[in-house]
Each structure stands twice: as structure tokens, then as C-alpha cells.
Amino acid sequence: MAGQYINLLASILLLLAFAMLSQRRIKSLINLFMIQGMTLVANTVVIASTTGQTHLYYSALLTLTLKVVILPWILYRMIRQLNVEWDVETLINIPSTMLVGIAIVIISFNLALPISHLAGTITRGTIGIAMACVLLSLLMMITRSKAISQVIGFLSMENGLFFAATSTTYGMPMVVELGVALDVLVGVLILGVFFFQIREKFESLDLKHLEKTEEE
Amino acid sequence: MSAFGLFTQILQLLLSLLLAPFFLGWLNQCRAWLQNRQGAGIEQPYRKLGKLFHKDAVIAESASPLFRMVPYVLFGAMCLAASIVPSLATDLSFSKAADAIALAGIFALARIAISLAAMDIGTAFGGMGARREMLVGFLAEPALLMVLFTASLISRSTSLTVIVETLAHRHFEIYPSMAFAGIAFLMVLLAENARLPVDNPASHLELTMIHEAMILEYSARHLALIEWASSIKLFAYVTIGIALFVPWGIAQAADWLGMAFALPILIAKLLVAGAGLALIETLVAKQRIFRAPEFMGTAFLFGVLGMLVHFLLGA
Amino acid sequence: MNGLPMDLIVSAALFWIALGLVGLVAQKKPSFVRNAIFPLGALAGAIVAVSAFFSSGVETAVSFLGLPDLPFHLRLDSLSAFFLFILGSATFGISLYATGYFRNEEKHIGTLCLEYHVFLAAMTFVLLADDAFLFMVSWEAMALSSYFLVTTDHKIPEIRRAGFIYLLMAHVGAISILLYFGSMGGDYGFDAMRKTHLSGMQATFAFLLAFFGFGAKAGMLPLHVWLPEAHPAAPSPVSALMSGVMLKTAVYGLLRVLFDLLHMQVWWWGVVILATGLSTALFGAVFSAVQSDMKRLLAYSSVENIGIIFVGIGLTVIFKAYAMNSLAALALVATLYHCLNHAFFKSLLFLCTGSVLHATGERNLGKLGGLIHKMPWVAWTALIGSLAIAGLPPLNGFVSEWLLLQAFLFTPGLPHSYLNMLIPVAAAALVLTGAAAGYVMVKFYGIIFLGQPREEKLREAKSSGKWERAGFLWLAAGCVLLGLVPFFVIDHLAGVSNFLVGASLENRDWLFLAPISSERASYSPLLFLIVTLSAIGLAFIAVRRFYHGRVRREIPWNCGYPVWNARMQDTSEGFGQPIRQIFDPFFKVGRELPSPFDSKPRYSAKTEDKFWYWIYIPFGRAAEYFAGLFGKIQQGRILVYLLYNFVTLIVLLLIVQ
Chain A
1 MAGQYINLLA
11 SILLLLAFAM
21 LSQRRIKSLI
31 NLFMIQGMTL
41 VANTVVIAST
51 TGQTHLYYSA
61 LLTLTLKVVI
71 LPWILYRMIR
81 QLNVEWDVET
91 LINIPSTMLV
101 GIAIVIISFN
111 LALPISHLAG
121 TITRGTIGIA
131 MACVLLSLLM
141 MITRSKAISQ
151 VIGFLSMENG
161 LFFAATSTTY
171 GMPMVVELGV
181 ALDVLVGVLI
191 LGVFFFQIRE
201 KFESLDLKHL
211 EKTEEE
Chain B
217 MSAFGLFTQI
227 LQLLLSLLLA
237 PFFLGWLNQC
247 RAWLQNRQGA
257 GIEQPYRKLG
267 KLFHKDAVIA
277 ESASPLFRMV
287 PYVLFGAMCL
297 AASIVPSLAT
307 DLSFSKAADA
317 IALAGIFALA
327 RIAISLAAMD
337 IGTAFGGMGA
347 RREMLVGFLA
357 EPALLMVLFT
367 ASLISRSTSL
377 TVIVETLAHR
387 HFEIYPSMAF
397 AGIAFLMVLL
407 AENARLPVDN
417 PASHLELTMI
427 HEAMILEYSA
437 RHLALIEWAS
447 SIKLFAYVTI
457 GIALFVPWGI
467 AQAADWLGMA
477 FALPILIAKL
487 LVAGAGLALI
497 ETLVAKQRIF
507 RAPEFMGTAF
517 LFGVLGMLVH
527 FLLGA
Chain C
532 MNGLPMDLIV
542 SAALFWIALG
552 LVGLVAQKKP
562 SFVRNAIFPL
572 GALAGAIVAV
582 SAFFSSGVET
592 AVSFLGLPDL
602 PFHLRLDSLS
612 AFFLFILGSA
622 TFGISLYATG
632 YFRNEEKHIG
642 TLCLEYHVFL
652 AAMTFVLLAD
662 DAFLFMVSWE
672 AMALSSYFLV
682 TTDHKIPEIR
692 RAGFIYLLMA
702 HVGAISILLY
712 FGSMGGDYGF
722 DAMRKTHLSG
732 MQATFAFLLA
742 FFGFGAKAGM
752 LPLHVWLPEA
762 HPAAPSPVSA
772 LMSGVMLKTA
782 VYGLLRVLFD
792 LLHMQVWWWG
802 VVILATGLST
812 ALFGAVFSAV
822 QSDMKRLLAY
832 SSVENIGIIF
842 VGIGLTVIFK
852 AYAMNSLAAL
862 ALVATLYHCL
872 NHAFFKSLLF
882 LCTGSVLHAT
892 GERNLGKLGG
902 LIHKMPWVAW
912 TALIGSLAIA
922 GLPPLNGFVS
932 EWLLLQAFLF
942 TPGLPHSYLN
952 MLIPVAAAAL
962 VLTGAAAGYV
972 MVKFYGIIFL
982 GQPREEKLRE
992 AKSSGKWERA
1002 GFLWLAAGCV
1012 LLGLVPFFVI
1022 DHLAGVSNFL
1032 VGASLENRDW
1042 LFLAPISSER
1052 ASYSPLLFLI
1062 VTLSAIGLAF
1072 IAVRRFYHGR
1082 VRREIPWNCG
1092 YPVWNARMQD
1102 TSEGFGQPIR
1112 QIFDPFFKVG
1122 RELPSPFDSK
1132 PRYSAKTEDK
1142 FWYWIYIPFG
1152 RAAEYFAGLF
1162 GKIQQGRILV
1172 YLLYNFVTLI
1182 VLLLIVQ
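Residue numbers (this note's numbering), protein chains in the order written: chain A, 1 to 216; chain B, 217 to 531; chain C, 532 to 1188.
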């Protein structure tokens, strides 16, 4: 039964990754990121309760505070102050992006196949899905033109990695996890500062302005 | 073909015919409440049908016989659709005549029939409506099939009754692939029934309408039949949704007690579904027509993902 | 009965040739040629169909014709019998129609009659051939006779160009087939080929040659370019024959090679065929949606259908390669059924366009419209054809689509994991193609037959004659019957699938179509029709019984706009516009947009096939360049040519030594 829940949560994660691909609004992207965080929390709790690894509960709590509360809050503030709540133009149209996404799912699942045979933990398909989530977030970063969606892509990539870690090896050691969490938090804060600087300079967050900064 | 099967079949068909306007009325009423309006009442669709049937039909001079046949074809096709989707019981006599693929075929038949009728008069609106309807349908039909395929892969059958029996009556199991299918299905349901993000059922604004543009030239009994058929279509879609995603409570073969429970359960589910749809329609805004292909394409790809996830996770 | 079907079919083919010669001799009396010879040809078609349907087992014969010591071998087995059935039954309708159609072609009716009947006979011998020699001879006869048929109106430069492209592609394909036969080891007889076992590499090489050759004839991507050129150029009955029957000979050839002559299947061959088929199908569907010439639209639709057939073949090969014989049988039956269906509905639609063309002189969709009022026979039969090709139940197109989707759905897990995941994606693409076909057919039918006439002259359009009606009715009846009682054909196909993949479908109930078991999937077109019709009937009676039936005719409401005319309707370009926009990267679109200040604004959009620019034009340039290099040795002085001879002779002597 636990396996079924994890499968369900894994596919919800994949669903959210695709939902992010098909979203134009930054606000909805943040919401999706928040739901992704909740899914991760649920997943960690399910694994913790089935395997009896108590440290996973702390890890779940950490995820909850960081990824469901703090980071979305920072991001919300940021977009309100930067005034980029609305539509973002995608570079490729959405169905084509999703087609590429489907190809990515097929490839990453097949790549993960040998690893999942080795893993032998609760579920088989989850590594493939985690890998697909990471690659899909990368794809989202590639296809968006506003800098802030790159940050969200980066964060959801980390979510994919975290999911892979919890569902295959029952989580990383607590120290590592805390370190990663801190890194992510600090990263977002620094990027936020950058954004304000970028906007000061170019009056826009569109990445194409950054292309001009290369030396001539 | 058992007597019980025939009985449930006819009962279900008649019930669908009667309940379909009720569901539409409930949906509109919920929308009205959510938008802080009084609303016309749940029985409004019935009143409208009655009024239309009594009027004198006006037909354009340039209409061909096809134009007058289409409302009946539409109605007949929707009757068949409503009778093969298990909403009350799974023991249905006609269910073997058409499986999930044929169900999509029926909807395609209805769609093509109404589009042809729209082009028949030769007005600018008719052609525009037909083109847009076909555009939506061109992506919605595959999306619907993908949803049905995902369910068929789980139950290893394309027969709708077997699908429902598998999903409802075996021991409880979570099918992650159905999460994808569910999203895709919701999008298809909204698009195919001319609901909000794609089409606005309450508007006759020339530039945005799809379904209304096609039936502009119809009047009186023909219009009544089309309106009725559209409400049956919406009802059929909602019952497909119920059958695939919350099938519990649909009576099994030759089970009188189950039948007695099935009806109130169905009505309860319909009430919830109507309120949910009304909520969605209140929250979302009408999309530009050029976004419709993107919307439907996304639905289609979610359907494909559902099938893929079934293969990935083996469930 | 043994031996009789073969004799009948061969005599029918010879009779066709004789009819053609008589027609040539009697060309001074065109009405005799039309009213006597074409109906007799139709009769011969019926004989072929009936004897092919009732043939059983394998019959072989050695013909007295052929070269000395190199006789022609003939063989009638279940595969060729099925394709002969397609040939005969479609020809019956088309020849009946041609009787009426060629009344406007009386100038060259003699040659037309000869070419037409030689074409039929050549296709028959292609299907009967049991050695490479007869096969290639009749294949070439088929290509040449159809070339002359395509260029019937050879005074028009575009038609000559279309004919040239057709001839070129036919020969590129033929060379590849010839090379294939060469790669099969020494003997030219098919019997010897069945006995040779090729090693892996050789077999793959042979397969690729055959696939290329037959694919060129069938119109698979990227060798499809001749189809949209040749079909509009040819007279309509010929287009119908070429699209409905001739393309199927290529399918026959591929099946014969894959399952009989090579008698081995490798899974990735199946993937190659499947992928090519899918891209062909999608390409054809998308391109047919943006065409403005009705016959071109149908030609692209043929490309699409050939794609679907190739998908079926690919799936069959994959299943067979993994020894899943019953699934292979399911996919094969779906494929063959689609061949038969396509022969009926596509021929029907081509014939309908022929009648429209005769009545109005227009092929351009933008100048047609409203013909349902003037040509009800054509319009209603075309409606059946359009609905069938759109894959709608309860007509025949749906049956084969249904079977093919079942084959996809019951893939119980192939041993290859990538493959396993590609199958659902392929099914999705196939479904998308089917839906696009619906779009195309609404455009085709709606713009030609519905609405108001877009040109004044259409108001004088005359309906078709009785021979033409007979042709339509036969093909339309075929579409309906094949849709309603698929059991009888599927039962018949058991022989073919047993022969090719060693299994057959277990479908015992004539009312239901249930290829695996009725628990897993069942479809009953007859019940479907009865329930729908009774619902329609009851609704009609109830409406009439309880309410008055008053009807008033008025000018259309049209949202209250005071002015309306035929120019306000959607044009064909307008109807195809959404597809053009969605699939923009596939097309090479040339647009001409008016500026806001134009007093006479003009808008035009021309959609072209990118393959011309990707493959053919560069290839043509390269060929021209190399030809130019060779041209340099042409001096025009006899002494120089003698020098060439001299040098060649010396060099050869040196080599031989």
C-alpha cells in the first residue's frame, strides 16, 4: 500500500513538473512550486512511517518550513515588488515544449532502469520519475525568458533531487540536508538581490537584455 | 441479453434524458449563486425546451434537407452515448454494441454532423463556428481517447462496463496514471461542452462564440433537440468522469438493492460535480480563441502522459 | 472449383486487354466504346472480385507466355486473392462510372480505353505474378499505362510536368525493386526466393531496398511528392483507380516481401515502417487540411491513409518478430481491412469530385459551394464517403481504425522497454491523425456541397448521369456494408493472416466484432445503427406527435446582419487556417498581405511542401550539375566520338588481359 502512495505522489510530482511547463503565469508557477513542496512533505512522511526512519520526520518538517512557507513567501514578495505577476512569454510554444517533455520522460525512465534494478527499495519507477522531474525543470528554465522563472526552475530541480534521495536511499544524512536547505535559501536571497540590480540597470527582467552584457 | 439488462438499460437511458436538463440547470444555478445572482432556477432548461418545442420553426431558404436532419441525428447519437456510459448500473444491454473507442466515435459523429449543418446555410457565422468547433474537436477527441485508453490499459478492456467493474469493484487500488487522465479529462470536458475557458455558453458575442455560432440559424423544435442533445452530451461527459474516477456506487450485474442505492448516489455525485464545474467556470476567464489549440494540446499530452505513466509505474 | 478461380481471373485480365484493343480499333464510334466496352470491363471486374472471393488454397500455373525458357509463373494464394478482390470490386464501380464520365473525353477515347484496360490487366498480373520477371514486366506496364492515363490532357504543361514527376518516381521505385529481386540470390522465381535464407545483413539490405521501392509507389514520406501532382492531373476514374487500387499493389508487394519471400522479420524493421507510417499519416492529414484543390486534398488524404496502412504493417512486423502471432494477426487484419476500405471510400470520393468537375469545370474549392441542391446524388453519396473516411461509426473507416487501435491497446508488454513506451505514443499520434481526417472531411464536404454557391455558374450545375450514379451507389453501398457487417470480411481474412503470420482472429459471432474476447472489446455496428436509428425515429415521431410541425422559410437570421452574400462564407483557405497556424513549422507558406491603404486589397497564402526544398530541388540541381559535367565530353565531332570508342576499347582490352 505504501508503494502505491509513493507511486501516486511520484506521478503527482511529474504532473506538477508538466503543469509548470504548461504555465505562463509566474504566480501560478509559485503556487505549483508550493504544491510540489507539499507533495515532497507527504512523500517523506509516508516513507518515514513505513520504514520507521525517524530522522525523515525532521526532514519533512524542514521541507515544510522551507519549501512550502518561506521560499514561496520570498518569491511572492519578490514578484510583487518586481511587478512581474502576469504572463511570461515562452520561447517555444507550450505543446511543443510538452512534446519534448514526453521524450524526456521516456528517455529518463529508460536511463534509470538499470539503477532502479539495483536499488531494490519500495518502488521501482520513482527514480525514473525523479530524474524526469529534474530534466523537466531544466527544460522549463531553458524555455522561459524571464529570469524569475529560472529561479523557480532551479528550485524545482532541487525538489526532484530531494525526491530521488528520499525515495531511494531514505534521505541524505541530516547535516547534508540542512546544508542544502541553507544553500537553497541563501541562493534565492542572493538571486533576489541580483534581480533588483538587474532591473535597476535594464528596467526589465527579460533575459535577452543580459545577452547584451557580453564584452564587445 | 438478460431482462434485467434491458430494464436497467432503458431505465438509465430515460433517466439520462430527464436528468440532463436538470444537471445543466443545477450547474447554471450554482454559477448564479457563486456570482451573487439570483439565477433562473434549476428547472429553467425544462421550461426553455418546452417553450422551444411549441414555437413555429423558421428555416433559412438556403437550407438543404441535411440541415433539418442533423438535430435528430445529434439527438440519436447522444441517446446512444448516454445509454452506453454506465451511470446507474453496469449490466447494460447495449453496452456491447459500442466500447470506449466507439464512444469517442459517437461524439465525433455528432460533432461533424453539427459542423456540417452549420456550414449548410452559408453564413459567415456558421462557417466560423464549424471551423472553430472542428479545431477544438480535432484535439479534444484524441485527448478523450487517451483518457479512455489509460482506463482501458488498467482494466485490460475497452468495454466501458468492464472498466467500471474493474475500477469500482475490485479491491481498492491507487492508479497514478489516472491522475494525469483526470486532468486531461477535465480539460476535454470543458472544451467539448462549450464551457468557459474555451467557449462561453452564456455569450452570443460574435467574435468569441463557437457552439452558439453553429446553431444560430436553428429555431423551435430543431433548436430544442439540439439544446437537449447538448445537455445530454454534458451529462454523458460528467457520467464518464464519474464512471472513470469515482465509480463507487454504480450497481453491479443483476443487483436490485444496488440499483436502489445507485440513483441517490448518482444524484449526489452529480450535485457535487455541477457545483465543482460551476466553481471552475467562475474562477477561470475566457481564453482567446488562439489559445484554444494550446489548451487542447496540453490536454492531449496529459492524456498521453497518463498512458506513459501507466507503463512506467506498471499501474 | 480448384483451378477455376485462377482461370477466370486470368481470362478476365486477358479480356481487359482485348477490350482495350477493340476500343482502340473502334475509336471512330465513341458512343459504342463508352456504352459497350466500359460496362463489359466492369463485368470483368465483378468476375475477378467474385472468383477471388471464392478462391481457396494455393493455385499455381505456368503460363505459355513469356520468353523461351523463361516462362511466366502465376500463383493465386489468399494474399493475392484478397488484393484481387479489392481490385475487382473497386474496378466494378469505377468502370461503371467511367462509362458515363468519358462522354466528355470522346476525342481520344480509343487510346484512353486501351490504356485504361491495360492498366487494369497489368495490376491483375502484378498480383498474380509468381516470379520476378512477370512481376517487373507487369509492374512496368502498370506504371507506363497509368503514366499515359495521367497525361491524357497532355496539352497542358502542368499535366505534362505532373506526369514526368510520376514517371520519374515510379522508375526510381522500380529500380529499387529490381535491385531487391537481384539481392535475393540467383533464381528469378518466387519459389526459389522462398527457399533461400539470407543472413542478417543481406536480409536487412533486401528489406530496405524493397521498402524504398514499394514505398515510392505507395507514396510514403518523403517519396510522396508524385501523388499530389499526378492525382489532380488524371481524369477522375483514373485517379480513383490509382489511389484506390494501384497504391494497394505497393502494399501487396511489401506484404509479399516481408512475410512470404523474406520470411523473416526483425523488430527494428517494424519500428522503421511504423515510424515512417506515422510521419506519413500525420503529414498527409495536416497537408490535406490546407489544400484548396479538391483532388489535391484527396491525394494528400491518400498519403495519410497509406501512412495508416504502413503503421499497421509495422505493428504486425513488430508483433511477429516477438512471436506474438495472435496480435500480429489482429494488426494485419486491421491493415488489410483498411486497404479494402480505402479502395472503396477514396474511389468514391474521387468519382464524386469527377462529377463535380464535369458539372462545374472547377477543381478549386474556393469557387464551389452549395452543390447539394443541384447534385443531390453526388452530394449524398459523397457524404457517405466523407463520413467513412473520417472514421465515423457505423461506417467502414471506423472498423479498421477500431481494429488497429485494439492492436495497439493489447500490447501486453513487449520485451523491449523503449519500444514498450513508444507504442502508446504511436497510438496517440494515430488517433490524432484520425481526428485530423475528420477536420479535413468537414472542410472538403462543407465547402463543396454545402453553403451557397460561390460562383454564379454553379447555379446551372447539372446532376450526374445514370451510369455515374451506378458507380457511386456501388461504392457507397460498399462503404456502408463493410461498416455494418465486418464479420464476413474478417472471417475471410483468416486465410490471409494464417498464411502470413500463422494465426487468425477468433471472431465467431457475426453480430459482434470482438477480436480477442467480448470481455476485452466488442463493437457491433448493426446494433449501433439500430439503436441510433430507433432513437432518431422515436424522437421524430414524438416531436411530430406532440407538437405541431409548422415550418416557415425565411432569409437566414445571421445575427441580424442585413447583408449577406456567398463571398462572406469561409473559403477553403480560411477553413484550413487554424491548422496552418498550429503546424506552421511544417509548411513553407508564402503570404501576400495587403497594406491598409490598398484600394484593391489582395490577400493570398500559398502553402508548399518543404520536402521539395529539402530533398528534391537540391537533388535535381546535383543531377543537373553532374549531367553538365558529362555534357562536356559531348563534342559534336564524329572524330572525337570515334576516339572515345577507341580509348574505351583499349582500356577494356587491357582490363580483360
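Using N, Cα and C, we set each Cβ at its ideal position, and we do this for glycine too.
Report task. For F790 (chain C), collect the residues of the same chain with a Cβ closer than 6 Å to its Cβ; drop the 5 residues on either side in sequence, then sort them by chain order. Result -> The residue given as residue 790 (chain C) occupies position 259 in the third sequence. Within the same chain, F790 (chain C) has close Cβ partners L1031.
Query raised in the report: In chain order, what residues of the same chain have a beta carbon less than 8 Å from the beta carbon of F1071 (chain C), not counting five sequence neighbours either side?
Result: Numbered from 1 along the third sequence, position 540 holds the residue referred to as residue 1071 (chain C). Nothing meets the Cβ criterion.
Query raised in the report: Taking the alpha-carbon positions, what's the A543 (chain C) to K560 (chain C) distance?
Result: In the third sequence, counting from the first residue as 1, residue 543 (chain C) sits at position 12. In the third sequence, counting from the first residue as 1, residue 560 (chain C) sits at position 29. Cα-Cα distance, rounded: 24 Å.
Report task. Taking N110 (chain A) as the query, report the chain C residues whose CB atoms sit under 8 Å from its CB, ordered along the chain. Result -> By 1-based counting over the first sequence, the position of residue 110 (chain A) is 110. Per Cβ cutoff of 8 Å: S948, Y949 and M952.
Report task. Determine the closest residue to G398 (chain B) out of B:G522, B:A429, B:P417 and B:F239, with distance taken between C-alpha atoms. Result -> Counting from one through the second sequence, the residue named residue 398 (chain B) turns up at place 182. Out of B:G522, B:A429, B:P417 and B:F239, B:G522 has the C-alpha closest to the C-alpha of G398 (chain B).
Requested in this report: List the endpoints of the continuous alpha helix (DSSP H) containing G1009 (chain C).
Outcome: Here residue 1009 (chain C) refers to the residue found at position 478 when the third sequence is read from its first residue. Unbroken alpha helix (DSSP H) run through G1009 (chain C): K997 to L1015.
Query raised in the report: To which residues does DSSP link N895 (chain C) through a beta bridge?
Result: Against the third sequence, residue 895 (chain C) aligns to sequence position 364. Partner(s): C:D824.
Requested in this report: Please report the Cβ distance between L882 (chain C) and S767 (chain C), rounded to the nearest whole angstrom; I am assuming they are in contact, meaning their Cβ atoms lie under 8 Å.
Outcome: For the purposes of this step, residue 882 (chain C) is taken as the residue at position 351 of the third sequence. For the purposes of this step, residue 767 (chain C) is taken as the residue at position 236 of the third sequence. Indeed they touch by this definition, with Cβ atoms about 6 Å apart.
**Report entry** Rounded distance between the beta-carbons of I300 (chain B) and L308 (chain B), thought under 8 Å
**Finding:** Taking the second sequence and counting its residues from 1, one reaches residue 308 (chain B) at position 92. Taking the second sequence and counting its residues from 1, one reaches residue 300 (chain B) at position 84. Their Cβ separation, rounded to whole angstroms, is 7 Å, which keeps L308 (chain B) and I300 (chain B) in contact under 8 Å.
Report task. Could you spell out where the alpha helix (DSSP H) holding D336 (chain B) opens and where it closes? Result -> Working through the second sequence from its first residue, we reach residue 336 (chain B) at position 120. Where D336 (chain B) is concerned, the enclosing alpha helix (DSSP H) stretches over A316 to D336.
Report task. Quick one: measure Cβ to Cβ for G241 (chain B) and A248 (chain B), integer angstroms, because I've assumed they're closer than 8 Å. Result -> The residue labelled residue 241 (chain B) in the question sits at position 25 within the second sequence. The residue labelled residue 248 (chain B) in the question sits at position 32 within the second sequence. At roughly 10 Å, the Cβ-Cβ gap does not stay under 8 Å, so G241 (chain B) and A248 (chain B) are not in contact.
Query - Beta-bridge pairing of R606 (chain C) - partner residues as DSSP gives them - result: Here residue 606 (chain C) is taken as the residue at index 75 of the third sequence, counted from 1. Beta-bridge pairing links R606 (chain C) to C:T591.
Query raised in the report: Taking contact to mean at least 3 C-beta pairs separated by less than 8 Å, is the segment 773-781 of chain C in contact with the segment 598-607 of chain C?
Result: no
Query raised in the report: So which residues of chain C does L113 (chain A) contact, with C-beta pairs closer than 8 Å?
Result: Reading the first sequence from its first residue, position 113 is the one you call residue 113 (chain A). Ordered by position in chain C, the residues that pass the 8 Å Cβ test against L113 (chain A) are S948.
Query raised in the report: Span of the alpha helix (DSSP H) holding A273 (chain B)?
Result: For the purposes of this step, residue 273 (chain B) is taken as the residue at position 57 of the second sequence. Note, A273 (chain B): premise wrong, no alpha helix (DSSP H); beta strand (DSSP E) at A273 to A276.
Query raised in the report: Is there at least one Cβ from chain C nearer than 8 Å to I127 (chain A)'s Cβ?
Result: Position 127 of the first sequence holds residue 127 (chain A). For I127 (chain A), the answer is no, since every Cβ of chain C falls outside 8 Å of its Cβ.
Query raised in the report: Quick one: is W1095 (chain C) buried, meaning 16 or more other Cβ sit within 10 Å of its Cβ, or exposed?
Result: The count along the third sequence starts at 1 and reaches residue 1095 (chain C) at position 564. Under this definition W1095 (chain C) is a buried residue.
Query raised in the report: Closest Cβ-Cβ distance between N7 (chain A) and chain B: below 8 Å?
Result: Here residue 7 (chain A) corresponds to residue number 7 of the first sequence, with the count starting at 1. Interface residue, yes.
Requested in this report: Go ahead and pull the three-state DSSP assignment for I198 (chain A).
Outcome: Residue mapping note: residue 198 (chain A) aligns to position 198 of the first sequence, counting from 1. Three-state DSSP puts I198 (chain A) in a helix.
**Report entry** Closer than 8 Å to chain B by CB, G1121 (chain C)
**Finding:** Here residue 1121 (chain C) refers to the residue found at position 590 of the third sequence. Output row for G1121 (chain C): interface = no.
**Report entry** Terminal residues of the beta strand (DSSP E) in which V703 (chain C) lies
**Finding:** Against the third sequence, residue 703 (chain C) aligns to sequence position 172. Premise fails: V703 (chain C) lies in the alpha helix (DSSP H), P688 to S714, not in any beta strand (DSSP E).
Query - Residues of the segment 393-413 of chain B whose Cβ lies closer than 8 Å to any Cβ of chain A, in chain order - result: S393, A395, F396 and I399
Query raised in the report: Residues of chain C with a CB under 7 Å from the CB of E357 (chain B): which are they?
Result: Indexing the second sequence from 1 puts residue 357 (chain B) at position 141. By Cβ distance, chain C contributes A966.
Query - Reference Q1100 (chain C), options C:R985, C:G1033 and C:S1055, closest by Cα - result: Counting from 1 along the third sequence, the entry for residue 1100 (chain C) is found at position 569. Closest option to Q1100 (chain C), Cα to Cα, is C:R985.
Report task. Mind checking which residues open and close the beta strand (DSSP E) that includes E1085 (chain C)? Result -> Here the question's residue 1085 (chain C) lines up with position 554 in the third sequence. Segment V1082 to E1085, the beta strand (DSSP E) holding E1085 (chain C).
Query raised in the report: When you compare each of C:Y1147, C:F1177, C:R1098 and C:L1180 to G343 (chain B) by their alpha carbons, which one comes out closest?
Result: For the purposes of this step, residue 343 (chain B) is taken as residue 127 along the second sequence, with counting starting at 1. Closest by alpha carbon: C:R1098.
**Report entry** Partners in chain D for V956 (chain C), counting only beta-carbon separations shorter than 8 Å
**Finding:** Among the protein chains of the structure shown, namely A, B and C, there is no chain D.
Query - Residues that DSSP places opposite T1138 (chain C) in a beta bridge - result: On the third sequence, residue 1138 (chain C) is found 607 positions in, with the first residue counted as 1. Beta-bridge pairing links T1138 (chain C) to C:V1120.
Query - Cβ-Cβ distance between K1137 (chain C) and G1121 (chain C) below 8 Å - result: Indexing the third sequence from 1 puts residue 1137 (chain C) at position 606. Indexing the third sequence from 1 puts residue 1121 (chain C) at position 590. In this structure, G1121 (chain C) lies closer than 8 Å to K1137 (chain C) by Cβ.
Requested in this report: Starting from the Cα of L61 (chain A), find the closest Cα among A:T51, A:T50 and A:N43 and give me that residue.
Outcome: Indexing the first sequence from 1 puts residue 61 (chain A) at position 61. Checked all of A:T51, A:T50 and A:N43; the closest Cα to L61 (chain A) is A:N43.
Requested in this report: Taking only beta carbons into account, state which residues of the segment 518-529 of chain B come closer than 7 Å to chain C, listed in chain order.
Outcome: V520, M523, L524 and F527
Report task. My understanding is that A734 (chain C) touches L786 (chain C), with C-beta atoms under 8 Å, so please give their C-beta distance in whole angstroms. Result -> Counting from 1 along the third sequence, the entry for residue 734 (chain C) is found at position 203. Counting from 1 along the third sequence, the entry for residue 786 (chain C) is found at position 255. Not confirmed; about 16 Å, so no contact.
Query raised in the report: Looking at I840 (chain C) and the ligand PLP, is the gap between the Cβ and the nearest heavy atom below 7 Å?
Result: Ligands are entirely absent from the displayed structure, and the ligand PLP is therefore not among its contents.
Query raised in the report: Are the Cβ atoms of N1089 (chain C) and T514 (chain B) separated by less than 8 Å?
Result: Taking the first residue of the third sequence as position 1, residue 1089 (chain C) is located at position 558. Taking the first residue of the second sequence as position 1, residue 514 (chain B) is located at position 298. No, they are not a contact pair.
Requested in this report: Indicate whether G153 (chain A) and S167 (chain A) have their beta-carbon atoms separated by less than 8 Å.
Outcome: Counted from its first residue, the first sequence places residue 153 (chain A) at position 153. Counted from its first residue, the first sequence places residue 167 (chain A) at position 167. Cβ atoms of G153 (chain A) and S167 (chain A): not closer than 8 Å.
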